[in-house]
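Okay, so here's the structure we're looking at.
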Ligand SMILES: NC(=O)c1ccc[n+]([C@@H]2O[C@H](COP(=O)([O-])OP(=O)(O)OC[C@H]3O[C@@H](n4cnc5c(N)ncnc54)[C@H](OP(=O)(O)O)[C@@H]3O)[C@@H](O)[C@H]2O)c1
């Protein structure tokens, strides 16, 4: 059955930056399709966000799974929802030296942060091209601008997202589709728990972490303005500007010091 409403689909819209994005979109009148794994969190999100006066559809999906992204697209299409905005937000990291970390976990992160993102982007982009309009927001990171010892795979996945976003944006520039990258710095969310990162020096001082609500507002504004990318926060803008002029080896040395555990060096 065809639904006449238009929707913004947000992966990982139940927590952290994705939840705050859901709030900003809903506050601006966008109906939402929110995707995550935890059904109770999806139900809580639906009840909180639909109170803002928009339609909220929830879909349970584990984007670590290889077929989940194409299944998600099929489910949305079969239900007759038009996705005018896609927000590829769900992503995870893993803290630790690469020699010690679990390769299965890292390959799952590549699946979530890269493979599921590109499958969703391709399938929803094709629908947008058919309709002649659309917008895509990809959660990149300032991590994508620097090599990151202690999170080497995560930083690599975000470098992919950044490069992919800019390239795709160029390809569709004359087709009424915009593709925008949101680059937060370290932000106060559950990301660090999921990444086993509590011991990192980087997350010791909670006051230095960005507020996910501010990050979400920056992302929403950049997307609606059709910008190519936005680095959220002044300090992070400075960090990215520096990364443009510093050699990679120097950046890796700096990140090594910032990310190492409080009580240990290697
Ligand atoms: N926090 C930071 O410092 C920071 C900085 C730069 C960029 N980012 C990026 O921002 C994005 C959001 O991160 P966050 O900090 O807001 O993290 P978060 O608070 O941990 O939220 C992650 C969201 O993604 C969902 N999710 C996680 N794994 C999933 C999976 N396998 N399948 C489907 N959904 C999944 C989670 O719900 P379920 O667990 O229920 O699935 C949750 O809704 C990520 O791409 C991250 O890389 C974060």
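Residue numbers (the numbering used here): 270 to 535. Glycine is no exception: its CB is placed at the ideal position from the N, C-alpha and C atoms. Please read all numbers here as calculations on a predicted model, not as lab measurements.
query, result
"Hey, residue 365 and residue 419: beta-carbon distance below 8 Å or not?", "yes"
"Rounding to the nearest angstrom, what Cα-Cα distance links residue 369 and residue 375 in this structure?", "11 Å"
"By DSSP, does residue 511 sit in helix, in strand, or in coil?", "helix"
"Would you call the stretch 305-313 in contact with the stretch 278-289, where contact means no fewer than 3 C-beta pairs closer than 8 Å?", "yes"
"Judging by CA-CA distance, which residue of 518, 494, 528, 489 is the nearest neighbour of residue 288?", "489"
"At a cut of 8 Å, does the stretch 392-399 reach the stretch 493-507 through at least three beta carbon pairs?", "no"
"Given a cut-off of 8 Å, decide if residue 437 and residue 491 are closer than it, judged by their beta-carbon atoms.", "no"
"Any heavy atom of ligand 2 closer than 7 Å to the CB of residue 505?", "Among the ligands present in this structure, namely ligand 1, ligand 2 is not found."
"Ordered along the chain, which non-local residues of its own chain (more than five positions away) have a Cβ less than 8 Å from that of residue 472?", "455, 461, 466, 478"
"Determine the direct distance from the alpha carbon of residue 426 to that of residue 367, and round the result to whole angstroms.", "14 Å"
"Quick one, are the C-beta atoms of residue 345 and residue 378 less than 8 Å apart?", "no"
"Quick one: is residue 414 buried, meaning 16 or more other Cβ sit within 10 Å of its Cβ, or exposed?", "buried"
"Measuring only from the beta carbon, is residue 286 closer than 7 Å to any heavy atom that is part of ligand 1?", "yes"
"Helix, strand or coil, according to DSSP, for residue 278 in the structure here?", "strand"
"Between which two residues does the beta strand (DSSP E) holding residue 345 run?", "From DSSP, residue 345 is part of no beta strand (DSSP E) but of the alpha helix (DSSP H) over 337-347."
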